[in-house]
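Okay, so here's the structure we're looking at.
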Amino acid sequence: PYRLELARSGVSDEVEAGGSLLAALRALGAKVDASCEGGICGACEIRWLEGEPVHRDLILTPERRKTHLMACVAQCASDRLVVEL
Ligand code: FES
């Protein structure tokens with residue numbers, strides 16, 4: 228599990244390993260668009276600030292992965308993930 232934090236609203240929650248980041252974000256009240264939910268359309272792209280995302284999408288470039296992730300497929304390898312929401 229890891230702790231998911233929303234930087235703007237300051238709320239956070241535990242997310243189980245392998246759990247859906249998109250679902251966890253929405254449960255915390257974040258509005259995140261999604262369409263394919265398979266890491267290929269780009270609709271759910273969000274900016275991350277701290278932590279170690281495991282990306283698993285098929286569209287982000289290595290450079291963009293340093294600042295953004297696809298919430299529908301991303302996991303987290305650190306014990307904390309802070310996103311800009
Ligand atoms: Fe399509 Fe996430 S919903 S990439």
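So in full-length UniProt numbering the end of the sequence shown lands on 312, straight run, no missing numbers. For glycine and all other residues, C-beta sits at the position ideal for the given N, C-alpha and C.
Would residue i and residue j be called neighbours here (beta carbons separated by less than 9 Å)?
i, j, result
"residue 312", "residue 234", "yes"
So is the beta-carbon of residue i under 8 Å away from any non-hydrogen atom of the ligand FES?
i, result
"residue 300", "yes"
"residue 266", "yes"
"residue 262", "yes"
Among the candidates the options, whose CA atom is the shortest distance from the CA of residue i?
i, options, result
"residue 297", "306, 229 and 247", "247"
"residue 307", "288, 281, 285 and 272", "281"
Looking at chain B, is there any beta carbon in it that lies within less than 9 Å of the beta carbon of residue i?
i, result
"residue 284", "The structure shown contains no chain B; it is built from a single protein chain."
Taking residue i as part of the alpha helix (DSSP H), name the residues at either end of that continuous run.
i, result
"residue 248", "248–254"
"residue 290", "289–292"
Could you please give the first and the last residue of the uninterrupted beta strand (DSSP E) stretch that includes residue i?
i, result
"residue 260", "First-last for residue 260: undefined, no H or E at that position."
"residue 240", "239–242"
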